[in-house]
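Student: For the protein sequence lines, the chains are A and B, in the order given.
Per my numbering, the first sequence starts with residue 1093, numbered consecutively.
Per my numbering, the second sequence starts with residue 1093, numbered consecutively.
2 protein chains.
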Amino acid sequence: MKRILLGSGSPRRKELMSMMDIDFEPIKLNDVEEVYPSSLKADDVPAFLSRLKAQSYYDNISDDEVLVTADTVVIIDDEILGKPKTPTEACDMLRRLSGACHKVVTGVSLTSTDGIVTFDETTIVEFDNLSAEDIAYYVEKYRPFDKAGSYGIQEWIGLVAIKKIDGCFYNVMGLPTRALYRKLKEIGAI
Amino acid sequence: MKRILLGSGSPRRKELMSMMDIDFEPIKLNDVEEVYPSSLKADDVPAFLSRLKAQSYYDNISDDEVLVTADTVVIIDDEILGKPKTPTEACDMLRRLSGACHKVVTGVSLTSTDGIVTFDETTIVEFDNLSAEDIAYYVEKYRPFDKAGSYGIQEWIGLVAIKKIDGCFYNVMGLPTRALYRKLKEIGAI
Chain A
1093 MKRILLGSGS PRRKELMSMM DIDFEPIKLN DVEEVYPSSL KADDVPAFLS RLKAQSYYDN
1153 ISDDEVLVTA DTVVIIDDEI LGKPKTPTEA CDMLRRLSGA CHKVVTGVSL TSTDGIVTFD
1213 ETTIVEFDNL SAEDIAYYVE KYRPFDKAGS YGIQEWIGLV AIKKIDGCFY NVMGLPTRAL
1273 YRKLKEIGAI
Chain B
1093 MKRILLGSGS PRRKELMSMM DIDFEPIKLN DVEEVYPSSL KADDVPAFLS RLKAQSYYDN
1153 ISDDEVLVTA DTVVIIDDEI LGKPKTPTEA CDMLRRLSGA CHKVVTGVSL TSTDGIVTFD
1213 ETTIVEFDNL SAEDIAYYVE KYRPFDKAGS YGIQEWIGLV AIKKIDGCFY NVMGLPTRAL
1273 YRKLKEIGAI
């Protein structure tokens, strides 16, 4: 058993860790610039970024600690959709996702004095056709500016407009909970 | 626009209706004995039962109302798993689901003075191997006696032990939210 540190400000990740009955302590990491080599395939970016976040804390880790860092992206047509900065950008992203399948990839790094273990998981999400009214309603009411791809699967739009998913649901919310739980057991952290 | 009545005591269904931003009024239906013809295929049972619940209210429906009734079952090897009555039964069910795929089928009926519209939706759920300790922990702590198949996908076991789902996530919680939303639009209820 180790102390689990969660290096993420995401309220959804905190909620998921609690739902997994894991005791953890949220910590604030130093800001890292989330840049990656342009040669990197889109699918590999979240794992890379979760490791980048981990490295910023690596020198501070104690023997009895494991740090969890993660990054989630939405990928459509091999292009990464980040967090929208404006309502217009949010609406543009949702128009791209409308009536199509996209991938949600979450990369996770577990950091201990033994080193950094990194893995990722992909979930396929299929959206129904979204009308202009649906998109305007959602962006206005839910303001998805903290969400990659401009949507939360646990919000109105996820309930009324997602046709199906193939993979881990919680991965779309920000953590591949089953895979994370197994890895934490494997390294003796829980 | 009509008044939406929800004929279900399930707190999860109430939560899902609220998350869909639908104003609704929960109502208590007369108890109906949930029996079905033995010739009915397992997959068709939830639609049948949702209609049976609807029929108990049919004579009371007003012009401005739509009643939503639903039934959710877990099916494995063509056998329906209902709600467990005892901890032993709950553990037995979870042992059956361990390391295997099963189907979750929710049947929904929408009742108005125009008649009863019934539809259903299926989601495939794949469980990881569950250890005896996992099962005992879950049943003891979460007491899934109100849940078909002895589990809630939104609880600990759903996060740490479900490998993947194929279909609508919220269908597993008790309502095929996207399909329901579209049907309610189609009949002019919302």
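C-beta atoms are modelled at their ideal positions from N, C-alpha and C, and glycine is treated no differently.
1. When DSSP labels each residue in this structure, what does Ile1282/A get in the three-state scheme?
2. Between Thr1161/B and Lys1145/B, is the Cβ-Cβ spacing less than 7 angstroms?
3. For Lys1195/A and Val1127/A, I'd like the C-alpha separation in whole angstroms.
4. Per DSSP, what kind of secondary structure is Phe1116/A in: helix, strand or coil?
5. Do Gly1241/A and Val1166/A come within 7 angstroms of each other at the CB atom, strictly closer than that value?
6. When you compare the CB positions of Lys1255/B and Asp1226/B, do they come within less than 7 angstroms of one another, or not?
7. Rounded to the nearest angstrom, what separates Val1217/A and Lys1239/A at their Cα positions?
8. Taking Cβ-Cβ distances shorter than 8 angstroms, what residues in chain A pair up with Thr1269/B?
9. Have a look at Lys1277/A, Val1252/A, Gly1199/A and Arg1235/A and flag the residue whose alpha-carbon is nearest the alpha-carbon of Pro1138/A.
10. Could you list which residues in chain B have their beta carbon closer than 7 angstroms to that of Met1265/A, in chain order?
11. Based on DSSP bridge pairs, tell me the residues matched to Arg1095/B.
12. Please tell me whether Met1112/A has its Cβ less than 7 angstroms away from any Cβ of chain B.
13. What alpha helix (DSSP H) runs, 4 residues minimum, are completely inside the segment 1168-1241 of chain A?
14. Does DSSP put Gly1250/A in a helix, in a strand, or in coil?
15. With respect to the alpha helix (DSSP H) encompassing Ala1139/B, which residues constitute its N-terminal and C-terminal limits?
16. How far does the alpha helix (DSSP H) with Leu1108/B in it extend, from its first residue to its last?
Tutor: Here's the rundown:
1. Coil, per DSSP.
2. Here Thr1161/B is near Lys1145/B, since their CB atoms are less than 7 angstroms apart.
3. The straight-line gap separating the alpha-carbon atoms of Lys1195/A and Val1127/A is approximately 20 angstroms.
4. If DSSP states are grouped into helix, strand and coil, Phe1116/A belongs with coil.
5. Result yes, Cβ atoms of Val1166/A and Gly1241/A sit closer than 7 angstroms.
6. Taking a C-beta distance under 7 angstroms as the contact criterion, Lys1255/B and Asp1226/B do not qualify as a contact pair.
7. When the Cα atoms are used, Val1217/A and Lys1239/A turn out to be separated by approximately 15 angstroms.
8. Residues of chain A passing the Cβ test: Leu1251 and Val1252.
9. For the residues Lys1277/A, Val1252/A, Gly1199/A and Arg1235/A, the minimum Cα distance to Pro1138/A belongs to Gly1199/A.
10. Correct list: empty, because the minimum Cβ distance to chain B is about 10 angstroms.
11. Answer is Glu1157/B, bridged to Arg1095/B.
12. So, interface residue.
13. Contiguous alpha helix (DSSP H) elements confined to the segment 1168-1241 of chain A occur at 1179-1189 and 1224-1234, taking only those with 4 or more residues.
14. Here DSSP, grouped into helix, strand and coil, assigns Gly1250/A to helix.
15. Run containing Ala1139/B: Val1137 to Gln1147, per the alpha helix (DSSP H) assignment.
16. Run containing Leu1108/B: Pro1103 to Met1111, per the alpha helix (DSSP H) assignment.
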